[in-house]
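In terms of the working numbering, the sequence shown opens at residue 520 and continues consecutively. Glycine included, each C-beta is placed from N, C-alpha and C at the ideal position. The structure appears below as structure tokens.
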Amino acid sequence: INNFIEKAKLSQEKISFSFAIDDNLKSKKLTSVQGMNIYRTIQEAINNALKYSEADIIAVNIKQQNNQTVINIKDNGKGFDEATIEKGNGLKNMQKRIEEIDGKFGLNSGNDGTNVKIII
């Protein structure tokens with residue numbers, strides 16, 4: 520995830536990226552399917568923010584809450600109306616990937632940006 524964010528930083532100089540992960544999660548073991556699905560979902564969320572949001576800040580935060588891993592991918596872009604947006608393949612695929620590993624996928628968007636929340 521960190522490598523992907525570093526590459527995104529190089530290609531998008533006008534956007535400030537941040538990545539934070541709780542120390543106790545750095546050594547957390549995931550199955551290959553869990554790891555790939557989480558990585559692809561984070562990648563898609565960042566790509567969507569780069570493509571559509573007109574944001575200048577994108578933040579990825581991974582933390583332990585209770586007995587769950589909570590991942591938030593936030594931007595400060597223009598957001599979108601969740602009621603009227605056509606869910607493209609990207610959003611559907613993100614939700615499907617997380618549900619496939621028994622996680623929860625949430626999306627919240629408004630005038631102050633978009634937040635993709637994953638709970639595993």
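The stretch 533 to 541 and the stretch 569 to 588 touch, with no fewer than 3 CB-CB distances between them shorter than 8 Å.
Under the DSSP definition of a beta bridge, Gln587 partners with Gln584. For Phe523, the enclosing alpha helix (DSSP H) covers residues 521 to 530. By the Cβ-count criterion, Met613 is buried, with 16 or more other Cβ atoms from all chains shown falling within 10 Å of its own Cβ. Around Phe523, the same chain offers Tyr558, Ile561, Gln562, Ile565 as residues with beta carbons nearer than 8 Å, after the five sequence neighbours per side are excluded.
Residue range 535 to 540 is occupied by the beta strand (DSSP E) that includes Ala539. Within the model, the alpha-carbon separation for Ser572 versus Leu626 is close to 14 Å.
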